[in-house]
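**Q** If you're matching them up, the sequences are chains A and B in order. Residue 1020 in the working numbering sits at position 157 of the first sequence, and the numbers go up by one each step. Residue 909 in the working numbering sits at position 485 of the second sequence, and the numbers go up by one each step.
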Amino acid sequence: MKPHTLSVLVENRAGVLSRVAGMFSRRGFNIESLAVGTCEEPEMSRITIVVNGDDGVIEQVMKQTNKLIDVIKVSDLTKRESVERELALIKVAAENGPTRAEILQIADIFRAQVVDVGSKTLVLQVTGDTSKIDALEKLLRQYGIKEFVRTGKIALLRGAKTVKSSK
Amino acid sequence: MKTGARTLIEALQREGVDTIFGYPGGVVLPIYDELYDSSIRHILVRHEQAAAHAADGYARASGRVGVCLATSGPGACNLVTGIATAYMDSIPIVALTGQVPTALLGNDAFQESDITGITMPVTKHNYLVKDAADLDRVVQEAFYVARTGRPGPVLIDLPKDVSTSQVVEGTPVPGTVSLRGYQPTYEGHVRQIDKALDLIAGAQRPLIYAGGGVVLSGASAELLEFAETAAIPVTTTLMGLGAVPGDHPLCLGMLGMHGTQSANYAVTECDLLLAVGVRFDDRVTGKIETFAPNATVVHIDIDPAEIGKNKKVDVPIVGDVRAVLQALLRRMQKRGDTANWVARINAWKAQYPLGYCEDDHLRPQYVVEQLSDLLKGEGIVVSEVGQNQMWTALYYCFKKPRTWITSGGLGTMGYGFPAAIGAHYARPDMPVVDIAGDGSFQMNIQELGTVAQYKIPVKVVILNNMYLGMVRQWQELFYDRRYSYTELPPVDFVKIANAYGVEGITVTGKDGVREALETALATEGPFVLDFRVEREENVFPMVPAGAAINEMIGVRQQ
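(1) State the Cα-Cα distance for the pair residue 474 of chain B and residue 934 of chain A, rounded to the nearest angstrom.
(2) Taking only beta-carbon atoms, is residue 540 of chain B less than 8 Å away from chain A?
(3) How would you label residue 477 of chain B, buried or exposed, when you count the other beta carbons within 10 angstroms and need 16 or more for buried?
(4) Would you mind telling me which residues of chain B sit closer than 7 Å to residue 933 of chain A, beta carbon to beta carbon, in chain order?
(5) Does the CB of residue 850 of chain A have a neighbour CB from chain B at under 8 Å?
(6) Would you mind telling me which residues of chain A sit closer than 8 Å to residue 729 of chain B, beta carbon to beta carbon, in chain order?
(7) Below 9 Å between beta carbons is the criterion; list the residues of the region 887 to 906 of chain A that meet it against any residue of chain B, in chain order.
(8) Are there three or more Cβ pairs, one per stretch, closer than 8 Å when the region 847 to 863 of chain B is compared with the region 928 to 935 of chain B?
(9) Run through DSSP, which three-state label would residue 469 of chain B get?
(10) Anything in chain A within Cβ reach of residue 549 of chain B, meaning under 7 Å, just list it in chain order.
(11) Within the present structure, is the beta-carbon of residue 703 of chain B separated from the nearest heavy atom of the ligand FMN by less than 7 Å?
(12) Closest by CA to residue 806 of chain B, which one among B:529, B:831, B:788, B:785?
(13) Is the separation between the beta-carbon of residue 897 of chain B and that of residue 907 of chain B shorter than 8 Å?
(14) Helix, strand or coil: how does DSSP classify residue 726 of chain B here?
(15) Looking at chain A, which residues of the region 564 to 575 of chain B have a Cβ within less than 7 Å of any of its Cβ atoms?
(16) So residue 1028 of chain A contacts chain B; which residues on that side make the cut at Cβ distance below 9 Å?
(17) Say whether chain B places a C-beta atom closer than 8 Å to the C-beta of residue 919 of chain A.
(18) Considering just the uninterrupted stretch of the alpha helix (DSSP H) at residue 795 of chain B, what are its terminal residues?
(19) Around the Cβ of residue 731 of chain B, are there at least 16 other Cβ atoms within 10 angstroms (buried) or fewer (exposed)?
(20) Out of B:895, B:563, B:645, which has the shortest C-alpha to C-alpha gap to residue 960 of chain B?
(21) For a minimum of 3 consecutive residues, which ranges assigned as the beta strand (DSSP E) are wholly contained in the region 660 to 731 of chain B?
(22) Measuring straight from C-alpha to C-alpha, what distance separates residue 614 of chain B and residue 467 of chain B?
(23) How about the region 658 to 677 of chain B and the region 937 to 952 of chain B: do they share at least three Cβ pairs that are nearer than 8 Å?
(24) Who are the near neighbours of residue 937 of chain A in its chain, counting only those whose CB is closer than 7 Å to its CB and skipping five residues on each side?
(25) Taking Cβ positions, are residue 743 of chain B and residue 724 of chain B nearer each other than 8 Å?
(26) Mapping the DSSP letters down to three states, classify residue 607 of chain B as helix, strand or coil.
(27) Hey, how far is the Cα of residue 508 of chain B from the Cα of residue 547 of chain B?
(28) Using 8 Å as the limit for Cβ to Cβ distance, is residue 545 of chain B near chain A?
(29) My output table needs one value for residue 1030 of chain A: the three-state DSSP class, helix, strand or coil.
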């Protein structure tokens, strides 16, 4: 059981996300994270899904996803060389004084940016893979995280290879 | 210019639609107005669920796409059970539903329901048409998706303003459908086919496990030729009955929970299992770990998602069953020596014949046997769900594909009677008999109104035991005979039929069975036969839930 990152190319139509998500919940597949957006083809969207399961489950996930009429291509990026990123925004309690300086130091190490400064809080923006964001969140917890939001993972194959419609 | 409704009807005609089963309502008024003088025949059912089942029965009997039509909200929701039934058995139907005007969508308008959302899990695909200019394309796509690949139901939701809006006439209709996200594989991979042939040549105890996919792809002749050429015995699923003649020497009958001993023993003992158009359903496999434990498994199916879903497969062949069987036949050079194996199976058949107590009581199996003897495989037999369905599967000898119509996957009580109506319109040349229980029949009994109105010659054979028989059987066997809410009070079905203007006979003794069946079959219109059968008769043999399929109870030995 390990998380697999699936890149799913779909028709850019109303209801497609609900078809994909509905099929996952109906068949008991667990979505760890999900990101949807437009892509290089104006009529298509790309969904990146992180799903947990053994090889048999992942095979079923891919086949069942592929079966949806609006799904054009499904690719498992986990077994291939890929870049994977998530984005997180973290609102952390930062009173004046040494605390604030410490937080800024940690942010610097993680190459996180300060995108909002308040009298009692800082909002940090960080990108990276899942473990990097998890690590930053863990470190900042001691100062008091007021709010935390992160996107689903997005991913692309390295090099010239692409996940494209076979046509 | 023409209306959207007119465009819809013309698009349906281009798809060859001759019959629609439906029920009118507010937002489909424009469509009904076009149907009024259309060449398409519309059959008015008494409940929308029956429209969906009738479309499904039409599709199963004919191999063409069945069509049903209902209004928005409750009308559309009433179709859902019928659509789900078709989905589970891979039956091509197109369901047309009215919808509130586009401006009111999402507004909780009168009779609004999100039917595309509701049916997403039980359709192969569905459409909400928001622009009448899309109608031609959507209808063409819907029929294409429904009937190709692994068939299934498709729903088209039609807001009222789409039906009334004006479309430019003479817009060219696309010639062929091309969907980049939907490209079924029809031809099996040659290397996989040769691998299967090598296994067949080396197998000593091969067995064909054939299912509904054989019927759907029209592969009965190929399957029989393949079985005979390679001398391999065949067992079929509930959905595969009729794919090979039930009285063929190589046929073992049905396998699974209520399968024959010979079929279940053969599965357990075989060294090569050729699974053709099947999906290893739990009612077939019993405890999956002990299903065909000694066999190398070849699985032929058009749906790649079925391969490896329930059972590990050694040689998967994705493709249309018919095309793959043709390729197997073409490329077969050597067959294994199966003489000993066939002899062993024949010994099982002789040792464990199907049977029931042949005293002078009126037993349901006897009714089915008599009907089988009268129709000789030349009629269409539809069933409801439960004991009636299993007795029919076991005691009626099906000889041809598409002569057996039953809700296998979903197990929908109330399916049979409306499906029989659909079957009649698909094959008006064939007698159509619905074998029912008193429980199931009462689930769509209102369709007596439909058969009376159109004089539809469907014969209903009620095996009336005044119980929800299959549930009662489980209560008897596994719940210490505590018959919790399974007893039904007596109903005079003939009186009900008469009230609708349908003839009927009540039969209480074994000696009246044959004559009553003959009378019903000789009558021109619909007919209801109420057989008051032995109340606590059970369906045997039986594999208890969770057991291996060779661990059967109720076994009779010669």
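Ideal Cβ placement from N, Cα and C applies to all residues, glycine included.
**A** Taking the structure as given:
(1) Cα-Cα distance, rounded: 32 Å.
(2) The Cβ of residue 540 of chain B sits closer than 8 Å to at least one Cβ of chain A.
(3) With 16 or more other Cβ atoms within 10 Å, it is buried.
(4) Within 7 Å Cβ-Cβ: 605.
(5) The requested residue 850 of chain A is not part of the displayed model; chain A covers only 864 to 1030.
(6) Correct list: 923, 926, 927, 929, 930.
(7) Residues of the region 887 to 906 of chain A with a C-beta less than 9 Å from any C-beta of chain B: 889, listed in chain order.
(8) Segment contact: the region 847 to 863 of chain B against the region 928 to 935 of chain B, fewer than three CB-CB distances shorter than 8 Å; contact not assigned.
(9) Residue 469 of chain B falls in the coil class under three-state DSSP.
(10) Going along chain A in sequence order, the residues near residue 549 of chain B (Cβ under 7 Å) are 932.
(11) With respect to small molecules bound, the structure shown includes none, and the ligand FMN cannot be examined in it.
(12) The residue with the shortest Cα to Cα distance from residue 806 of chain B is B:831.
(13) Judged by beta-carbon spacing, residue 907 of chain B lies beyond the 8 Å limit of residue 897 of chain B, meaning their Cβ atoms are not closer than that value.
(14) Here residue 726 of chain B carries a coil assignment [DSSP, helix/strand/coil].
(15) For the region 564 to 575 of chain B, the beta-carbon criterion of a distance under 7 Å to any beta-carbon of chain A is satisfied by 569.
(16) Among the residues of chain B, those whose CB is under 9 Å from the CB of residue 1028 of chain A are 604, 605, following chain order.
(17) Yes, because at least one Cβ of chain B sits closer than 8 Å to the Cβ of residue 919 of chain A.
(18) Its alpha helix (DSSP H) spans residues 788 to 799.
(19) Buried, since its Cβ has 16 or more Cβ neighbours within 10 Å.
(20) Distances from the CA of residue 960 of chain B to each of B:895, B:563, B:645 were compared; the closest alpha carbon is that of B:895.
(21) Those beta strand (DSSP E) runs which fall completely within the region 660 to 731 of chain B and span 3+ residues are 675 to 678, 696 to 700, 720 to 725.
(22) The alpha-carbon atoms of residue 614 of chain B and residue 467 of chain B are separated by roughly 46 Å.
(23) Touching, no, given that fewer than three Cβ pairs across the two stretches are closer than 8 Å.
(24) Counting only Cβ-Cβ distances below 7 Å, and skipping sequence neighbours, we find 869, 871, 925, 928, 929.
(25) Yes, Cβ-Cβ distance for residue 743 of chain B and residue 724 of chain B is below 8 Å.
(26) In the structure shown, the three-state DSSP call for residue 607 of chain B is coil.
(27) Roughly 7 Å separates the two Cα atoms.
(28) Chain A has a Cβ within less than 8 Å of the Cβ of residue 545 of chain B.
(29) Note that residue 1030 of chain A scores 44 on pLDDT, short of 50, meaning its location in the model is unreliable; the coordinates nonetheless yield the value given after this. Coil, per DSSP.
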